[in-house]
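In terms of our numbering, the sequence shown opens at residue 20 and continues consecutively.
All C-beta atoms, glycine included, are put in the ideal place defined by N, C-alpha and C.
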Amino acid sequence: MTKYEITGGTPLNGTVCISGAKNAAVAIIPAALLVDGICKIENVPDISDVRLLLQILSDMGANVRRFGPNTIELDCSRVRNAVAPIELVHRIRASYYLIGAELGRFGRACVAMPGGCNFGVRPIDQHIKGFEAMGASVNLMAGYVCADAPIGGLQGGHVYLDMVSVGATMNIMIAAVLSTGMTVIENCAKEPHIVDLANFLNAMGAKISGAGTDVIKVRGVPRLHGGSYTIIPDQIEAGTYMAAVAATGGNVLIENIIPKHMDCIAAKLREMGVKITEYDDSIRVERTGRLRHVNVKTLPYPGFPTDMQPQNVVCMAAAAGSSIVTEGIYENRFRYVTELLRMGANIQVDGRVAVVNGVDTLTGSLVKACDLRAGAAMVIAGLCAQGMTTVEDAHYIERGYENIIGKLQALGANIRRMEEYSEVPAGLVAG
Ligand code: EPZ
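Pasting the structure below:
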C-alpha cells in the first residue's frame, strides 16, 4: 500500500511548475485511436491514469513511444477493432472515451463499463443518447457497453444534453469526428479540457467549432492525419497548490498556468483573505493572516469546480467562522469529511450541503485517501495540521498528480512516500 507521512506546520515557499491537464490527456489519448498516422503529444502528465490508458492502447495494437516522462508518440493506424482489456478498463472513468473512439473509427465498440472515483452513480446515459442521435444502436450487457453504427457508418445528429456533462460532451465529439454530415451538441460542458480536446482533434484534421461554448458543431471528415499537439496546464493541479499555500501560509509562485482558467478558484481564495497576483503564465499566492470563512457552490465551468471542493473545505476547516459548501455536481462527494473529523475538523454534512465550522487548528492523524481529489485534500490537511499525519491509499492521489511529493518537498513541505507490502518480499527474509 502507498502511504504518505506528513509533519505539518511548515508554510510553503518557493516555486512549483504545473504539469499537463489530466482530464485533457485522458480524453486525447483514447481520441488518438481516430488518427491514421502518428500523433506526437507533449506536456503529457506522468500520472497513473495516463500510464494505464497508454497500456490499454498498446494492448490493442497501437505503437506507443515515450520520449521522456512528458512526451509520447502514438500510432494507432494498425489497431483493428480490438477489445480493450477489462482488467484495465474498469480501473478508471476515462476509459469510456474508448467507446466513442472505437465507434467513430471502426463503426463498433465493445468496452467494459468504466470505473473511477466513487461519489455517486455516475451513469453514462447522456453519452449513449449522443451515440444514438448519430444512428448507433447501444446495448449494455454483462458489464460491457456494446455500440454499433448503422450501415454506412455514423450520420450527423442533433443532441441536447439533459445535464451539463464533461464526459458526454467529449465522447460525443470524439464519435462524431469521422461521421458523415454535421453533428450538433447542445447544453455542452465548457471546461478547459473540452477546448483542448477539440483543438487536438482539429490539429489532426477534424472540423469542430464552438468548443468552450454550450453548442459544439462537428462536421464529419473521412480521415484524420497525424500531427503534433501540446496539452494545456492542469487547472485543478494548479488550484490544489493554491489551496495548499492558503491552508499552510507562505508565499509560492505557481508557474505554467493559464490565468483565465484559475479565475473562479482565485476569486474564492481572495474572498478568504489570500493575496493572489496574476502574471502571463504564472500566479503568486501569499497567505499571512488567518483565513476568513466563505460560502461556495460547485458548478460546471466557469463556476467553482467540483474537483476543487475537498481542497477548499480543508482551507475552510481552519478558517475563522462558519462556511457553507453546496456540491452542485455529485450526490455524494463528502465521504472524505469522515477523515477530516479524525483531525479535529468541525463539519456537518447533510446530503449535498456541508457546514464547516472553523477550528483553531487541525491535528495530525491516520487517515485515508477516499479518491483522487479527497486524497489531495488530506495531504493539504496534513501539511497545515499540528503533528504527524499518515495518508493511506495514497495511490489514488498519484492517479492525477505528477510528482506531488517532489513538488511539495521543493516548497519546504515535510512529506515522504512509503510503500508498505502486505507480506515481506522474497529476498528480504533474514537468515
Ligand atoms: C469528469 O467526470 C471528470 N473526470 C471529473 O474529474 C469531474 O469531476 C467531472 O467531469 C465534472 O467536472 C474526467 O474528466 C475523467 P460529468 P465525468 O459527466 O465526465 C451526471 C477528477 O477528479 N451524468 O461532467 O464523469 C454525473 O453523474 C475527476 O479529475 C449523468 O447523469 O463528469 C454527474 O452527477 C473526478 N449521465 C454530472 O452528470 C451521464 O451520461 C456531471 O458528470 C453523464 C453524467
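Pull the bridge partners of residue i from the DSSP assignment, please.
i: Asp-167; result: Arg-127, Ser-156
i: Met-201; result: Arg-238
i: Phe-323; result: Thr-317
i: Glu-179; result: The sequence shown places Tyr at residue 179, rather than the Glu named in the question. Beta-bridge pairing links Tyr-179 to Glu-205.
i: Thr-380; result: Per DSSP, none; premise fails for Thr-380.
i: Thr-188; result: DSSP, once it has assigned bridges, lists no residue as partnering Thr-188.
i: Ala-230; result: Thr-232
i: Leu-385; result: Thr-409
i: Leu-31; result: Gly-269
Express the C-alpha separation of residue j and residue i in angstroms, rounding to a whole number.
i: Lys-226; j: Val-98; result: 23 angstroms
i: Phe-353; j: Ser-384; result: 19 angstroms
i: Leu-447; j: Ser-441; result: Bear in mind that a pLDDT of 49 at Leu-447, under 50, signals an unreliable position, so the number given afterwards is only what the model happens to contain. Cα to Cα, Leu-447 sits roughly 13 angstroms from Ser-441.
i: Pro-104; j: Ile-75; result: 7 angstroms
i: Arg-361; j: Thr-345; result: 22 angstroms
i: Ile-434; j: Ile-424; result: 7 angstroms
i: Val-333; j: Gly-33; result: 21 angstroms
i: Leu-107; j: Arg-141; result: 19 angstroms
i: Tyr-115; j: Val-368; result: 31 angstroms
i: Ala-44; j: Ser-341; result: 37 angstroms
i: Pro-6; j: Leu-117; result: Nothing in the structure corresponds to residue 6, since the chain is present only between 20 and 450.
i: Gln-254; j: Met-182; result: 22 angstroms
i: Phe-86; j: Glu-61; result: 9 angstroms
i: Gln-145; j: Glu-439; result: 41 angstroms
i: Gly-229; j: Ile-235; result: 4 angstroms
i: Leu-243; j: Gly-134; result: 29 angstroms
i: Ala-413; j: Met-20; result: 8 angstroms
i: Asp-233; j: Ser-184; result: 11 angstroms
i: Gly-27; j: Thr-296; result: 26 angstroms
i: Val-35; j: Val-63; result: 17 angstroms
i: Leu-402; j: Met-335; result: 14 angstroms
i: Leu-318; j: Gln-328; result: 10 angstroms
i: Gly-245; j: Ile-111; result: 26 angstroms
i: Ser-156; j: Val-130; result: 14 angstroms
i: Val-315; j: Gly-258; result: 15 angstroms
i: Asp-68; j: Leu-391; result: 11 angstroms
i: Arg-371; j: Glu-358; result: 17 angstroms
i: Cys-207; j: Thr-29; result: 42 angstroms
i: Ile-25; j: Met-192; result: 42 angstroms
i: Gln-330; j: Ala-194; result: 34 angstroms
i: Asp-300; j: Ile-37; result: 10 angstroms
i: Thr-380; j: Ala-404; result: 6 angstroms
i: Gly-450; j: Glu-121; result: Here Gly-450 scores only 41 on pLDDT, less than 50, and its place in the model is too uncertain to base an answer on.
i: Ala-364; j: Gly-39; result: 33 angstroms
Write down the C-beta distance between residue i and residue j rounded to the nearest angstrom, noting that I regard them as a contact closer than 8 angstroms.
i: Gly-162; j: Met-132; result: 5 angstroms
i: Val-304; j: Ile-276; result: Not quite, the Cβ-Cβ distance comes to about 11 angstroms (not below 8 angstroms), so this is no contact.
i: Ile-266; j: Ala-337; result: The residue you asked about is not Ile; residue 266 is Ala in the sequence shown. Ala-266 to Ala-337, Cβ: 7 angstroms. Contact.
i: Phe-219; j: Ile-47; result: 5 angstroms
i: Lys-209; j: Gly-231; result: 5 angstroms
i: Glu-421; j: Asp-65; result: 5 angstroms
i: Val-378; j: Met-397; result: About 16 angstroms; that fails the 8 angstroms criterion.
i: Gly-308; j: Gly-292; result: 6 angstroms
i: Leu-72; j: Ala-113; result: 7 angstroms
i: Ala-339; j: His-312; result: 6 angstroms
i: Ile-456; j: Pro-211; result: Since the first residue shown for the chain is 20 and the last is 450, residue 456 is missing from the structure and cannot be characterised.
i: Thr-408; j: Ala-400; result: 7 angstroms
i: Leu-52; j: Val-271; result: Going by Cβ atoms, the distance from Leu-52 to Val-271 rounds to 39 angstroms, so no, they are not a contact pair.
i: Val-264; j: Val-237; result: Their Cβ separation, rounded to whole angstroms, is 40 angstroms, which puts Val-264 and Val-237 out of contact at 8 angstroms.
i: Thr-325; j: Tyr-355; result: Actually they do not touch by this definition, with Cβ atoms about 13 angstroms apart.
i: Tyr-23; j: Arg-436; result: 6 angstroms
Exercise for review: Evaluate the contact criterion for the segment 142-162 versus the segment 211-229: three or more CB pairs, one atom per stretch, below 8 angstroms.
Suggested key: no
Exercise for review: Within the segment 388-423, note down every full alpha helix (DSSP H) run reaching 4 residues or more, in order along the chain.
Suggested key: 391-403
**Study point:** Three CB pairs or more closer than 8 angstroms across the segment 273-283 and the segment 414-433
**Key:** no
Review point. Taking the runs of the beta strand (DSSP E) that are 3 residues or longer, which of them lie wholly in the segment 335-361?
Key: Along the length of the segment 335-361, whole beta strand (DSSP E) runs at least 3 residues long occupy 341-345, reported in chain order.
Review point. Are the segment 200-207 and the segment 177-184 touching, with three or more C-beta to C-beta distances below 8 angstroms?
Key: They touch, by the three-pair rule.
**Study point:** Stretch pair the segment 156-171 + the segment 117-126: three plus CB contacts closer than 8 angstroms
**Key:** yes
**Study point:** Contact the segment 78-96 vs the segment 51-61: 3+ CB pairs below 8 angstroms
**Key:** They touch, by the three-pair rule.
Check your understanding: Can you list the alpha helix (DSSP H) stretches of 4 or more residues lying completely in the segment 239-280, in chain order?
Key -> 254-267
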